[in-house]
Amino acid sequence: MAAIEVKNIFLSASAPLPERDPKYIGTADIIAIRDSVIALATTVLPKHRLVWGGHPSITPLIYYVMQKLNLNIQNHVLLYQSLFFKDNFPPDNNKFENIVFTENVGDVHSSTQHMRNRMFSENKFSAAIFIGGMEGIEDEYNMFIKYHPDALILPIASTGAATKVIYDNQFPEDLKNERFLKDYGYMSLFQKFLIDKI
11 MAAIEVKNIF
21 LSASAPLPER
31 DPKYIGTADI
41 IAIRDSVIAL
51 ATTVLPKHRL
61 VWGGHPSITP
71 LIYYVMQKLN
81 LNIQNHVLLY
91 QSLFFKDNFP
101 PDNNKFENIV
111 FTENVGDVHS
121 STQHMRNRMF
131 SENKFSAAIF
141 IGGMEGIEDE
151 YNMFIKYHPD
161 ALILPIASTG
171 AATKVIYDNQ
181 FPEDLKNERF
191 LKDYGYMSLF
201 QKFLIDKI
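Here the sequence shown is numbered in the numbering used here, starting from 11 and rising by one per residue.
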């Protein structure tokens, strides 16, 4: 029996911070962000690879799922982390074997953009999932669709924040689906719209 191809799924997600732009926190659903990240990791990790730029609100959730699945799936996760944040890495980073550290190129914006350029150019992606977030999610959406125009894109608008902004203003009308806005049954949502499609 032929082995199933392990496909790369990009995750762009974060929980908005109240002290940052109010346009994101106003619609953010923190519980939905958490639940959808956990459901995505649970759905993807056994068979495919999840790739993300380390965010302190997301990395611990992915490690939590890895523990719960109790599988040796270190090769199914790939974490990118900019050395700009070296002094503030979340402790959970140490629990991942596959981390790509990208160069600190001087300031937060340039270093983060450099990390994203490397992440998108060094990997072939079958899909990208957008969850919650702030301006970085919008940046990653715009970059991802340029690097990977044929990949499946799923903005989970029920999580609110930057992902809802993308869904409302940038996501093509013919790809919109009411379930992205209103369905909180994330396991079945990812099975139907991600796993069954890639």
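Quick reminder that beta carbons are idealized off the backbone N, C-alpha and C, glycines included.
Kindly give me the distance between the Cβ atoms of residue i and residue j, rounded to whole angstroms, as I take these residues to be in contact under 8 Å.
i      : j      : result
Val87  : Asn108 : 6 Å
Ile19  : Ser136 : 7 Å
Met144 : Arg30  : 6 Å
Leu79  : Pro56  : 7 Å
State the start and end residues of the unbroken beta strand (DSSP E) segment that holds residue i.
i      : result
Tyr194 : Run containing Tyr194: none; DSSP gives neither H nor E here.
Gln91  : 87-92
Sort the options by Cα distance to residue i and report the nearest one.
i      : options                        : result
Glu183 : Ile205, Ile163, Pro100         : Ile163
Lys192 : Pro66, Ile208, Lys174, Ile205  : Lys174
Pro100 : Phe130, Asp117, Thr69          : Thr69
Gln180 : Tyr196, Phe140, Asp206, Lys207 : Phe140
Thr37  : Ala138, Pro26, Ser46           : Pro26
What are the boundary residues of the alpha helix (DSSP H) that includes residue i?
i      : result
Asn152 : 145-157
Asn179 : 171-179
Arg126 : 118-132
Determine the contact status of residue i and residue j, defining contact as a CB-CB distance below 8 Å.
i      : j      : result
Ala172 : Ile155 : no
Phe190 : Pro165 : yes
Ile176 : Tyr151 : yes
Thr112 : Leu89  : no
Ser198 : Asp39  : no
Asn103 : Gln91  : yes
Gly63  : Met129 : yes
Thr53  : Ile205 : yes
Would you decide whether residue i is buried or exposed? Buried here means 16 or more other CB atoms lie within 10 Å of its CB.
i      : result
Glu4   : Given that the chain is displayed from residue 11 to residue 208, the structure contains no residue 4 and the question cannot be resolved.
Gly116 : exposed
Tyr196 : buried
His119 : exposed
Please report whether the beta-carbon of residue i lies at a distance below 8 Å from any beta-carbon of chain D.
i      : result
Asp178 : The structure shown contains no chain D; it holds only a single protein chain.
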